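Visitor: Chains as they are written, first to last, in our numbering: chain Z, 6 to 343; chain W, 6 to 343; chain R, 34 to 396; chain U, 34 to 396. We put the beta carbon where it would ideally sit given N, CA and C, even for glycine. It should be emphasised that the depicted structure is a prediction, and the values quoted were computed from it without experimental measurement.
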Amino acid sequence: MSVLTFGQAINAGLRKAMDQDPKVVLMGEDIGKLGGVFRITDGLQKDFGAHRVIDTPLAEAGILGTAVGLAYRGYRPVVEIQFDGFVYPAFDQIVCQVAKLHYRTRGAVSMPLTIRVPFGGGIGSPEHHSESPEAYFTHTSGLRVISVSNPQDAYTMIQQAIASNDPVVFFEPKRRYHTKGEVDEEAELSTALPMGRARVAVEGTDATLVTYGPLVPTALDAATAALDDGVSLEVIDLRSLSPLDYEPLVASVRKTGRLVIAHEAAQSGGLGAEIAAGITERCFEYLEAPPIRVTGFDIPYPPSKLETHHLPDLDRILDGVDHVLGRPYAFRAQEAGA
Amino acid sequence: MSVLTFGQAINAGLRKAMDQDPKVVLMGEDIGKLGGVFRITDGLQKDFGAHRVIDTPLAEAGILGTAVGLAYRGYRPVVEIQFDGFVYPAFDQIVCQVAKLHYRTRGAVSMPLTIRVPFGGGIGSPEHHSESPEAYFTHTSGLRVISVSNPQDAYTMIQQAIASNDPVVFFEPKRRYHTKGEVDEEAELSTALPMGRARVAVEGTDATLVTYGPLVPTALDAATAALDDGVSLEVIDLRSLSPLDYEPLVASVRKTGRLVIAHEAAQSGGLGAEIAAGITERCFEYLEAPPIRVTGFDIPYPPSKLETHHLPDLDRILDGVDHVLGRPYAFRAQEAGA
Amino acid sequence: MDIELLSLITEEGRRVPNEILDPWVTDVDTGQLADLYQDMVVIRRIDAEATALQRQGELALWPPLLGQEAAQIGSGRALRADDFVFSSYREHGVAYCRGVGLDDLVRVWRGNTFSGWNPFAVNMAVPQVIIGAQTLHATGYALGIQHDGADAAAIAYFGDGATSQGDVNEAMVFAASFQAPVIFFCQNNHWAISEPVGLQAHAPLAGRAAGFGIPALRVDGNDVLAVLAATRIALDRARAGGGPSYIEAVTYRMGPHTTADDPTRYRDANELEDWAAKDPIDRVAALLESEGMLTPELQAEVAAAADAAAQGLRAGCLGLHDPVPMDVFTHVYAAPHSELDRQRASYEGYLASFEAVGSEGNS
Amino acid sequence: MDIELLSLITEEGRRVPNEILDPWVTDVDTGQLADLYQDMVVIRRIDAEATALQRQGELALWPPLLGQEAAQIGSGRALRADDFVFSSYREHGVAYCRGVGLDDLVRVWRGNTFSGWNPFAVNMAVPQVIIGAQTLHATGYALGIQHDGADAAAIAYFGDGATSQGDVNEAMVFAASFQAPVIFFCQNNHWAISEPVGLQAHAPLAGRAAGFGIPALRVDGNDVLAVLAATRIALDRARAGGGPSYIEAVTYRMGPHTTADDPTRYRDANELEDWAAKDPIDRVAALLESEGMLTPELQAEVAAAADAAAQGLRAGCLGLHDPVPMDVFTHVYAAPHSELDRQRASYEGYLASFEAVGSEGNS
Ligand SMILES: Cc1ncc(C[n+]2csc(CCOP(=O)(O)OP(=O)(O)O)c2C)c(N)n1
Ligand SMILES: Cc1ncc(C[n+]2csc(CCOP(=O)(O)OP(=O)(O)O)c2C)c(N)n1
Ligand SMILES: [Mg+2]
Ligand SMILES: [Mg+2]
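1) Thinking C-beta only, is R/V118 closer than 8 Å to R/M73?
2) Which of the three DSSP states, helix, strand or coil, is assigned to U/H364?
3) Closer than 7 Å: is that where the CB of Z/P94 sits relative to any heavy atom of ligand 2?
4) For chain R, find out if any of its Cβ atoms is closer than 8 Å to the Cβ of Z/T46; answer yes or no.
5) Would Z/S115 and R/A171 be called neighbours here (beta carbons separated by less than 8 Å)?
6) Tell me which residues of the stretch 290 to 312 of chain W have at least one Cβ-Cβ distance to chain R shorter than 9 Å, keeping chain order.
7) Out of R/M326, R/A262, R/A195, R/I53, which one is the CA nearest neighbour of W/G67?
8) Is it the case that the Cβ atoms of W/F96 and Z/D97 are separated by a distance below 8 Å?
9) Among R/S40, R/W57, R/P56, which one has its Cα closest to the Cα of R/V49?
10) Around the C-beta of R/L384, are 16 or more other C-beta atoms found within 10 angstroms, so that it is buried, or is it exposed?
11) Which parts of the stretch 36 to 99 of chain Z are runs of the alpha helix (DSSP H), unbroken and 4 residues or longer, counting only runs that do not cross its ends?
12) Does the CB of R/G387 have a neighbour CB from chain W at under 8 Å?
13) Quick one: residues in its chain with C-beta nearer than 8 Å to the C-beta of U/R265, no 5 flanking neighbours on either side, listed in chain order?
14) Helix, strand or coil, according to DSSP, for U/E82 in the structure here?
15) Residues of chain Z with CB under 8 Å from R/I163, in chain order?
16) Does chain W have any CB closer than 8 Å to the CB of R/G199?
17) Among the residues of its own chain, which have a CB less than 7 Å from the CB of Z/P333, if the five just before and after it don't count?
18) Starting from Z/E177, follow its DSSP beta bridges and name the residues at the other end.
19) Restricting to Cα atoms, I'd like to know which of W/S7, W/F302, W/I151 is closest to W/L243.
20) Given this structure, state the Cα-to-Cα distance separating W/H56 from R/L94, to the nearest angstrom.
21) In angstroms with no decimal places, state the Cα-to-Cα distance between W/A64 and U/E203.
22) Using a Cβ-based criterion (distance less than 7 Å to any ligand heavy atom), does U/D374 qualify as near ligand 3?
23) On a CA-only basis, which of W/P248, W/D234, W/D233, W/V265 is nearest W/V240? Give me that one, please.
24) Relative to the C-alpha of U/N3, which residue among Z/G331, Z/V329, Z/P307 is closest?
25) DSSP three-state call for U/F217: helix, strand or coil?
26) Which bits of chain Z does U/R298 rub up against, with CB to CB less than 7 Å?
27) Would you list, in chain order, the members of the stretch 115 to 134 of chain R that have their beta-carbon closer than 9 Å to a beta-carbon of chain U?
28) So with Cβ pairs under 8 Å, would you call W/E187 a contact of chain Z?
29) Looking only at C-alpha atoms, which of W/L39, W/P248, W/Q157, W/S195 sits nearest to W/S7?
30) Kindly indicate which residue of U/E281, U/D256, U/I163 has the alpha-carbon position closest to the one of U/A267.
31) Going by DSSP, name the residue or residues bridged to Z/F268.
32) Name the DSSP beta bridge partners of R/G192, please?
33) Residues of chain Z with a CB under 8 Å from the CB of U/S227: which are they?
34) In whole angstroms, give me the CA-to-CA distance for R/N303 and U/A154.
35) Are at least three pairs of beta-carbons, each pair with one atom in the stretch 180 to 193 of chain R and one in the stretch 81 to 90 of chain Z, less than 8 Å apart?
36) Return yes when the Cβ of R/V335 is within less than 8 Å of the Cβ of R/A271, no when it is not.
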């Protein structure tokens, strides 16, 4: 066990994947000497050479398109998109090529790309630096989509993503890069929870709170706060956004009868809609209340001084829990009373 | 009243908008002399000149990006994307610029663009020619999204879209371009149903069937078929995909207690998820069964010989109705029995 | 920017010297020229047969190459088996050179599949519909070749219209930056559907390359020998570590954009006539004739090959099996995907329910 | 491709003749040169003050222009009020020339808003963060100018890194195709964050333009007079219906990419020293000096202006009002939007509920 930051854990996972498979190459802007603007690839170019840690020209379609060509040649490119908001120039290559080539060629061509995207808000950045574009990708057939929430998963799942023969969009909650946690660097990858599976992070009985990536720590805090108020929340960390792992979700909602979904992305058409719809289909008779979504608003990401008014925080999540429990403002009354 | 095909109706609407406002300019590939690959802009360059009906170089980001600049200069560009599958190279300009500039500039800059996208399948086309990308846009704050289903709406709503000071992505169901219908070309635009409103196309009492664009005619057929079997379907044509017009939807589901949503796009993260979630939130106590989605599968659009196995058709929609009514295969038994 | 148009065979079929190209085709004797002639005749016949199949409803669509035979055969025949081709949708001639089967040529256009062949069997990717996207794939593949220390090359085919796309320009940036062994082969057939090349560019397309630091040649694309030579030059540069090259083959799309297109709506009959006089096959025939090689035997042989190809294509096309319904779910992912599996199972049940209910109803 | 680097003032501050540029600055006397000098000193001071404000936590981020004063002031001062600027995030000097207020310069970087100013008040779009996107906007705006029959021009500022983006290349295609009155002004400051310009291109960036059919000039970007002249040439061409132009201003980013960046991780101190010797302000000072113009009065005046600007900036920055919470919902759409209105109302209720409950609790 070592204690690593989130960022270090991804770095270590990348290093291990590169050690084990010479076909793994990293590509991106500023990932070489600089080690990326978040330093996630720190030291890797020095150790593996500029052939395997490739600083590319400043063009995202170019990065993804050449990664497709490298995959045709048998490589496993790991692409870094510098910030979430810069993935869109590459959208065409991702949606029309990366996602479809395996299907299009009836399995002859594999696209084992990993597309790393530091995402989400909360770091006081300028515009286009705090986006949560995951729903664009979860709606894209042919992709797998992951979002990690802690150093251990970051370490393990980046390796699983690279090992996957399917393309994986790998969302890293950038505001958690400095979070520390224990990481077992020795454990066999084969013994880890598979990449497509969700995890029950906290068990509980009164309501189910499901989220992923940056809001998982917030959800854990919410569970603690709720417990103080006598409410037992079950927290599920989705980990895989496509496919969704309904098994633990369904089990949980059948138990609690109540569901709160939280994400930073805009509500309309966000992942929360799919989960609410999917759970309603699967657990209709068990639901005591409609699933509630606590999400970013249907606005472009706001200026940083206003971002706390867009991002779901502890209070808004507890408010959602209140509502799904049919006792609006109970938590707040408690706070105020205290 | 004139009888026009769907395509002719859009052409007539474009012509009227251009007649009334000299700032309206059309841009796209092959829209000039050729009149577009679907002939929607037929004759317009001849009548309005190459300055107002602009054949552009072959680059979709270029088209959208220059349209943004024209909007800065006070123009109202109407962009044609040749086929749904070719909108992705322009995705960055649409998502990061078109959708955000009004917000970014605190209202100083308007983006009154109309982005026309012939969309959907069913015409036996090669790959990338049958996509249903609407959910990417309905999840994008700052855009309005429309899908028309009949010549009258096509005629009216293309004018409303052009008149809108917000950017509108205007989805035209290409397999319905040759459908004929009555169009009142004289009616005042101001008296028409506003662009953001849905319409109850058929009234009914047993279940609500909501859809948009290419599947509206199929839904109407389904209502007829269901009625033969004693089932009264209420069919709602959404017309506006963003925002969704919940008023008639909620009224309908409170009446019927049952909801079927149909679209061609992949199910996961499709518009059906948002509608199912939104209706469950609003009508939970009225629902007799979970909303059911009859949609394309989570696959890249398949080769044309297989497209009938991907596209929701009359049978699959009736199957959905069966399920939401809790009587699986009832329609089929009837057919078989007949 | 004035860029010379290089050629070796004039419109009239005269062999003319060219100091840049000549050294690269010294090995091409009249026998080999006859082979190139045959290739062009055969692929034109295949193209015509496919067009006919479309007219007869056997193909959903076909993008004819009529007029571009020299550009495609000249370049296609210059390639080695271990080179890798990334083409657009019109390069049937190149596919033919790669050894793609006749039925495989039309599989996609019949609507059966999106993939006519296994790319690795012939080292040619499946045709690209998204204009320009394949140029980046070729560049990436070339990067891989470079990393592997191999001496193969990648070649990207694209049209005059494609030169406007960001992807194509980014491909040149990446290729130049990494000195990747890739050839940008632009068939300037003068039209992008209804848009004349002058709408994309007022200057010769070959001129784009220099600014990116990529050497370019502009050749008569209806001159099979000139195209062969230019491609060999570029390949040699790639193999020697000299990085990318750009070739503009100036040719003409004599047919419609696809069988769904009606070019009379947007272009002059005169233009077509002018280009008919520059036909790529006629001029080689004339050259062979002048060298006494266009014997009745050769003509019979070529005609027989073309007939056989046409028959093979038709038989292959008609013999294609329709895909089965459950194919829609196959190969979306390389590994199981829980949501898709659920949808597959549900649809399987749905299809089965018809049979079940049907047999009930019949009983 | 060899492209001459044009200049009028040497690194040492000597005025040298140049037959291309000279005719365009005959009107610039030493008085005007002193004005340009003052502009550069002032903007450098503004830049330093903003950097300080960031260090003090008053700004979230700041992208310094240090070293690029001549490129920005020289071009910015060439523009007319009815020209329209589309810039990236680093063109504070250009914004200053456009008359943007000091508080407005930092509004965005304090995190208060995404828009420092009303674009139509100063005919300058809000800074663009998406690399290269603004070049297309400038081209479209220029198309609009052309349609209007006006004689204004649009100018797009972008960096060396941006030249790799598809958008920038597509902008050149569109501009050339329509002969739009737009200027592509590339500040080649040698770095794109940690990537040296050599990674984007092995050849001079100005060389890109010719292939698109766009005339280009490559000027010493640290020579304010040369930049002024080059921009005037391009503007004159635009106004006369001569279409687009491309200017590469060769300069150097002497500071970090932004205040969040640490350039010592990726670049040599030597390089910085070499460029310090080419400082754009020093050389004008030397020239003024040699002409006897750098009087104590002038120096005092310039220093006072710089001080005033710095104070104004600081006061303006600290005086900015924080946005109010409900601003997050404002101006997403020009007309009401039912779903957003619902969310706004709900959040309003949510915020109010704290007060309600809070006052309850307190009562
Ligand atoms: C991204 C994209 N935009 C538009 C189209 C529609 N389209 C198909 S072919 C074509 C013209 C291509 O012209 P060119 O590159 O010259 O190739 P050619 O057809 O002449 O071989 C267009 C616009 C497309 N396939 N992809
Ligand atoms: C599409 C996009 N990709 C990546 C980035 C991240 N990024 C911001 S500035 C920058 C470097 C830009 O370099 P250059 O164009 O030379 O301009 P400079 O910063 O030197 O003025 C990068 C990569 C971005 N803002 N937009
Ligand atoms: Mg062409
Ligand atoms: Mg730079």
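Guide: With the given structure in hand:
1) no
2) coil
3) yes
4) no
5) no
6) F302, D303, I304, P305, P307, P308, S309, K310, L311, E312
7) R/A195
8) yes
9) R/S40
10) exposed
11) 49 to 53, 65 to 77
12) Just to set this straight, residue 387 of chain R is Phe in the shown sequence, not Gly. So, interface residue.
13) W57, V58, A111
14) helix
15) D97, C101, Q102
16) yes
17) D327
18) Z/P123
19) W/I151
20) 33 Å
21) 7 Å
22) no
23) W/V265
24) Because chain U in this structure spans residues 34 to 396, residue 3 of chain U falls outside the shown range and cannot be described.
25) strand
26) K38, L39
27) none
28) no
29) W/Q157
30) U/E281
31) Just to set this straight, residue 268 of chain Z is His in the shown sequence, not Phe. Partner(s): Z/T300.
32) R/Q220
33) D35, G37, K38, L39, D60
34) 53 Å
35) no
36) no
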